[in-house]
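First residue of the sequence shown: 1, per the UniProt record's numbering; consecutive thereafter. Note that CB positions come from ideal geometry on N, CA and C, so glycine has one too. Predicted model, so just to flag it, every value in this text is computed and none were measured.
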Amino acid sequence: MAKEFKVPPVVFPSGGNPGGPGAQQRRPTAPFQPPRSSNPSIPFMSFDVGAATTTTSFPIPQYGNNSIGGGISTGFEDEPPLLEELGINTKQIWNKTMSILNPFRIKHDLHEDADLSGPFLFLMAFGLFQLLAGKLHFGIILGWVTVASLFLYVVFNMLAGRNGNLDLYRCLSLIGYCMLPLVILSAVSLFVPQGGLVIMVMAGLFVIWSTRVCTRLLVELASCGDEHRGMLKKIILVLLIPFLAWAYQATQSPPPRICGSPTGPPITAPRIKLRDGRHLAYTEHGIPKEMAKYKIIVVHGFASSRHDLAIITSGITEELGAYLVSFDRPGYGESDPDPKRNLKSTALDIEELADQLELKSKFYVIGLSMGGQLVWGCLEYIPHRLAGATLISPVINYWWPGFPANLSAEAYNQQFTQDPWALRVAQYTPWLTYWWNTQKWFPTLSLITQKVKYSGQDLELMPKLKGRQHDGAYVIQEGEFDLKNPWVDVEGFVHLWHGDEDGIVSVTLQRYIAKKLPWVYYHELPGAGHLFPVADGVSEAILKALLFAKKQPVAWIPG
1 MAKEFKVPPV VFPSGGNPGG PGAQQRRPTA PFQPPRSSNP SIPFMSFDVG
51 AATTTTSFPI PQYGNNSIGG GISTGFEDEP PLLEELGINT KQIWNKTMSI
101 LNPFRIKHDL HEDADLSGPF LFLMAFGLFQ LLAGKLHFGI ILGWVTVASL
151 FLYVVFNMLA GRNGNLDLYR CLSLIGYCML PLVILSAVSL FVPQGGLVIM
201 VMAGLFVIWS TRVCTRLLVE LASCGDEHRG MLKKIILVLL IPFLAWAYQA
251 TQSPPPRICG SPTGPPITAP RIKLRDGRHL AYTEHGIPKE MAKYKIIVVH
301 GFASSRHDLA IITSGITEEL GAYLVSFDRP GYGESDPDPK RNLKSTALDI
351 EELADQLELK SKFYVIGLSM GGQLVWGCLE YIPHRLAGAT LISPVINYWW
401 PGFPANLSAE AYNQQFTQDP WALRVAQYTP WLTYWWNTQK WFPTLSLITQ
451 KVKYSGQDLE LMPKLKGRQH DGAYVIQEGE FDLKNPWVDV EGFVHLWHGD
501 EDGIVSVTLQ RYIAKKLPWV YYHELPGAGH LFPVADGVSE AILKALLFAK
551 KQPVAWIPG
């Protein structure tokens, strides 16, 4: 006898019901039927047979949309937010931060629930600001926070004895949040000149702020804290001041190695002692000054020295009867640095050099590349001492207000991408210039990295330089070029020489200067780059134009 099995009724969806839409349908009752989701917008995340059309006539198991077989969850409605799952409470961090910002009304109850998320964010922000300020030793910052927390934890528990309830986790949390004033100080110090009274006063106020906040929180949150309030202040102050001193020291450039000092190189060049006690090294060229008809002071350019005189060739000084003296600019070669140097101070250095060498009341000046900025300074501050001046590929200050905005932008955009950043640092945050030029994180000035736009002529002239370091750089100059004619009696002349293919100093703004200052005689050399003075015959032409072209100098201004 055959065994009979009960066959469950077949359920057809509307698309596959042979009886049509009017036929009666019977659905089986599932042994377990969880409540259906009210959101039918994601049918592919659901096993509800009614959520999509099917093509089979077999019964389909019914499962709830949050589980498969009642075992594995597939929905995300009940999942907690990621930050909450990681234990990061942003609202709590914000409230704690706001309580630290008000040192006179600290809500200690907010800090009863310790966390390390906020301190970690402050630590990363602090490290970022220290990096931007030139302090690359992030490990010192992390180490200081750890050591300070351990030290405070051990000392406080020694003072409190068995009654102490300050655990290490809470101690780390408190120290981390109390770092907020130092984080703010590190951010503000990026825009405040270093080494002055302002930054020192600010640093003291922020240290007092951080000390007060940390002391108040420890007193309120730790048992026996009130009776040790004075001791806690001293401990926290001792922890903060050395760290602040290190942070300040890290922003300063290393001390210079003064020639003749125990740690400096030996003195090999003749030097004069200036009015402020500094020394200026110099080298003499040409015929003896007692016999010379013309006395010329030559100012070198970037990464150069008194020895690099591309303007001089053998025999030209004897032929012209000229005596030339070149000197190491302050901080170069064997000349002492001048931390307070500017255009005026360097112009006065040149005047004092002329006086001590007895060059009489009048002398000529020649400035090459960056040395050209100092010649502009001489024209402004000591014009009564000059018999004439020559600027050879002088550097340009793109922030001179006299330049039209479109011309400045045109010349500015002709640089390598990295150079505008270096110029902005020097213009707006000059105390970061040393760090920017020595750090390895971002591309620095192209001349320092030897990524220079040399013209075809420059490359041909390279062998003539015989391995010497060449001048040529961008510099942030002070003042404007809106100068008056220093020689209204036509006793002296200013010559400006430039190559139209100079890739280091743009020719665009030189043309504008020559047009704006009609007393400047402009010589533009077609096809010439930045190193054109070493080309055959050019140095002789430059000297002869300066010394002899009195009435009708050759000048050419395009357009």
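| Item | Value |
| --- | --- |
| How about the stretch 421 to 435 and the stretch 527 to 534: do they share at least three Cβ pairs that are nearer than 8 Å? | no |
| V298 by DSSP, collapsed to three states: which one? | strand |
| Determine the closest residue to L174 out of Q373, D336, K96 and V395, with distance taken between C-alpha atoms. | K96 |
| Comparing the C-beta of A269 with each C-beta of chain D, is any distance below 7 Å? | Protein chains in the displayed structure number just one, and chain D is not present. |
| Which complete alpha helix (DSSP H) runs does the stretch 367 to 419 hold, if anything under 4 residues is left out? | 371 to 381 and 405 to 412 |
| Ends of the alpha helix (DSSP H) at residue 571? | Coverage of the chain is limited to positions 1 through 559, which leaves residue 571 absent and any answer about it impossible. |
| Going by beta-carbon coordinates alone, are G286 and Y323 separated by less than 7 Å? | yes |
| My understanding is that G372 touches P394, with C-beta atoms under 8 Å, so please give their C-beta distance in whole angstroms. | 2 Å |
| Taking the continuous alpha helix (DSSP H) assigned at K360, which residues delimit it? | K360 -> no alpha helix (DSSP H), and no H or E assigned at all. |
| So what's F129 in DSSP terms, helix, strand or just coil? | helix |
| Between the C-alpha atoms of I504 and I199, what's the straight-line distance to the nearest angstrom? | 36 Å |
| Is the stretch 333 to 340 close to the stretch 351 to 363, with three or more CB pairs under 8 Å? | no |
| For the beta strand (DSSP E) that contains W497, what are its first and last residues? | V494 to G499 |
| Tell me the DSSP secondary structure of S326 in three-state form. | strand |
| May I ask which residues mark the beginning and end of the beta strand (DSSP E) holding Y282? | H279 to G286 |
| Is it buried or exposed for M124, if we count other Cβ within 10 angstroms and need 16 for buried? | exposed |
| Using the Cα positions of R511 and G277, report the straight-line distance between them to the nearest angstrom. | 40 Å |
| Around the Cβ of Y169, are there at least 16 other Cβ atoms within 10 angstroms (buried) or fewer (exposed)? | exposed |
| Report yes if the CB atom of G333 is closer than 7 Å to the CB atom of A389, and no otherwise. | no |
| Got a sec? Which residues, its chain only, sit under 6 Å from V507 by beta carbon, not counting five neighbours each side? | H498 and D500 |
| Mark V154 as exposed unless 16 or more other C-beta atoms lie within 10 angstroms of its C-beta, in which case mark it buried. | exposed |
| Do V213 and C178 have their C-beta atoms closer together than 7 Å? | yes |
| Alpha carbon to alpha carbon, what distance is there between S408 and V207? | 44 Å |
| On the DSSP bridge list, what partners appear for H523? | W497 |
| Which residue's Cα is closest to the Cα of E318: K289, Q418 and S304? | K289 |
| Measure how close the beta-carbons of G321 and A292 come, nearest whole angstrom, since I'm counting them as under 8 Å. | 6 Å |
| In the structure shown, what three-state DSSP assignment does K340 receive? | coil |
| Taking only three categories from DSSP, how would you classify K91? | helix |
| Can you list, in chain order, the residues of its chain with a C-beta nearer than 8 Å to that of I93? Leave out the 5 residues immediately preceding and following it. | D115, S117, G118 and L121 |
| Contact check, A411 vs L509 under 8 Å by CB: the rounded distance? | 5 Å |
| What are the partner residues of V365, as DSSP defines its beta bridges? | I297 and A389 |
| Out of T433, H495 and G331, state which residue places its alpha-carbon closest to the alpha-carbon of V365. | H495 |
| Suppose the cutoff is 6 Å on Cβ atoms and the five residues either side in sequence are ignored; what does the same chain contact list for Y294 look like? | A322 and L547 |
| With burial defined as no fewer than 16 other Cβ atoms inside 10 Å of the residue's Cβ, what is the status of P518: buried or exposed? | exposed |
| Roughly how many angstroms separate the alpha carbons of R150 and N406, rounded to a whole number? | Going by the sequence as given, residue 150 is Leu instead of Arg. Near 59 Å, if we compare the C-alpha coordinates of N406 and L150. |
| Considering just the uninterrupted stretch of the alpha helix (DSSP H) at I258, what are its terminal residues? | Looking at the DSSP string, I258 is not in any alpha helix (DSSP H), and its letter there is neither H nor E. |
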